[in-house]
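Structure first, then comments.
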Amino acid sequence: MPNPKSYVQTDHIRYFKFIGRVIGKALFEGCLLECYFIRSVYKMIIGQKLSFKDLEDFDNNLYQGLEWCLTNDVDDLYESFSTQFDYFGRTEVAELIPGGEEIDVTNENKHHYVERKSFFHLYKSIQKQMNAFLEGFYEIVPKDLISIFTYQELELLISGMPDFKVEDLRKFTNYSGYTANSPQVQWFWEVMESLNREEKGNFLQFVTGSSKVPVEGFSMLQ
1 MPNPKSYVQT
11 DHIRYFKFIG
21 RVIGKALFEG
31 CLLECYFIRS
41 VYKMIIGQKL
51 SFKDLEDFDN
61 NLYQGLEWCL
71 TNDVDDLYES
81 FSTQFDYFGR
91 TEVAELIPGG
101 EEIDVTNENK
111 HHYVERKSFF
121 HLYKSIQKQM
131 NAFLEGFYEI
141 VPKDLISIFT
151 YQELELLISG
161 MPDFKVEDLR
171 KFTNYSGYTA
181 NSPQVQWFWE
191 VMESLNREEK
201 GNFLQFVTGS
211 SKVPVEGFSM
221 LQ
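Counting in the UniProt record's numbering, the sequence shown runs from 1 upward without gaps.
This is the structure we're talking about:
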């Protein structure tokens, strides 16, 4: 995900455009890259609309907080249509909609609030950087060609199938209604151990929405 503070480097926009060209060239030539993008980046490349769910693998704490808002009474939270972000140690406030600081979040408008806050953090806060990246990418691979793929397919085209140790996944697995010694759990791990690289990638994609292990490891998965 592009860094919202990249503007401290005066040529940052040019760099993002260059990175987009590199990714596009690698894809065009069929060269796999050892890189990891979150789901929303792949979606933006193919022109797919972002959703609140895409926030989950970007900022899980923020995602869980907004998910709580959707399922609970928020009339007494005194939250407005604005969001805070860190600006080199100083807290800044950005409005999610015009006049957002003066608009309270209620049970009636909370879905719109969650949508706008997700959009801000996934795209609006990095709009210039992401647009430069996409401009460079589309110079090599036209948007109308890449948009025929799903974001899952694009991830595999760029990075290929992943590989991981099943033991690493087992180490951070929590069980609900079962124990590590339950027969069903033992059967599950036997099947996992028998999977090849492609099948393990498909398993990860089904469970997490991404065929890649998070850069911080399985401990980051909820």
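All C-beta atoms, glycine included, are put in the ideal place defined by N, C-alpha and C. If you're wondering where the values come from, they're calculated on a predicted model, not measured in any experiment.
Determine the DSSP secondary structure at residue i, reduced to helix, strand or coil.
i      : result
Ala180 : coil
Val93  : strand
Asp59  : coil
Asp54  : helix
Asp76  : coil
Leu32  : coil
Asn109 : coil
Val191 : helix
Asn202 : helix
I'd like to know whether the C-beta atoms of residue i and residue j end up nearer to each other than 8 Å.
i      : j      : result
Leu96  : Thr106 : no
Phe85  : Ser125 : yes
Arg14  : Ile140 : no
Gln129 : Phe16  : yes
Ile46  : Leu154 : yes
Lys117 : Val74  : no
Ser80  : Asp59  : no
Leu145 : Met44  : no
Leu156 : Leu27  : no
Phe119 : Leu50  : yes
Taking 6 Å as the limit between beta carbons, can you name the residues of its chain near residue i, skipping five residues before and five after?
i      : result
Gln152 : Gln205
Leu219 : Residue identity differs from the one stated: residue 219 is Ser in this sequence, not Leu. The answer, listed in chain order, is Phe172.
Tyr63  : Leu55 and Glu56
Asp163 : Arg197
Ala132 : Ile13, Phe16 and Lys17
Asp168 : Phe218
Pro183 : none
Could you tell me which residues DSSP puts in a beta bridge with residue i?
i      : result
Ser82  : Glu95
Lys15  : Note that residue 15 corresponds to Tyr in the displayed sequence, not to Lys. Note: Tyr15 sits in no beta bridge, so no partner.
Asp168 : DSSP lists no partner for Asp168.
Tyr87  : Arg90
Asp104 : Ser80
I need the straight-line Cα distance from residue i to residue j, nearest angstrom please.
i           : j      : result
Gln48       : Glu193 : 35 Å
Gln9        : Lys25  : 24 Å
Leu32       : Gly160 : 6 Å
Thr71       : Gly100 : 22 Å
Lys53       : Gln186 : 31 Å
Val191      : Asn181 : 15 Å
Lys143      : Glu115 : 25 Å
residue 225 : Phe149 : Lying before the first or after the last residue shown, residue 225 is absent from the chain, which here runs from 1 to 222.
Thr91       : His121 : 15 Å
Trp68       : Tyr113 : 13 Å
Glu29       : Cys35  : 16 Å
Leu77       : Glu108 : 13 Å
residue 230 : Tyr138 : The structure shown does not extend to residue 230, since the chain spans only 1 to 222, so no value can be given for it.
Gly177      : Pro98  : 48 Å
Glu199      : Asp11  : 42 Å
Ser147      : Ile23  : 15 Å
Identify, in the order they occur along the chain, each residue of the same chain with its Cβ nearer than 8 Å to the Cβ of residue i, setting aside the five sequence neighbours on each side.
i      : result
Trp189 : Val166 and Arg170
Phe203 : Met192 and Leu195
Which same chain residues end up closer than 7 Å to residue i when comparing Cβ atoms and leaving out the 5 residues on each side of it in sequence?
i      : result
Tyr175 : Val185
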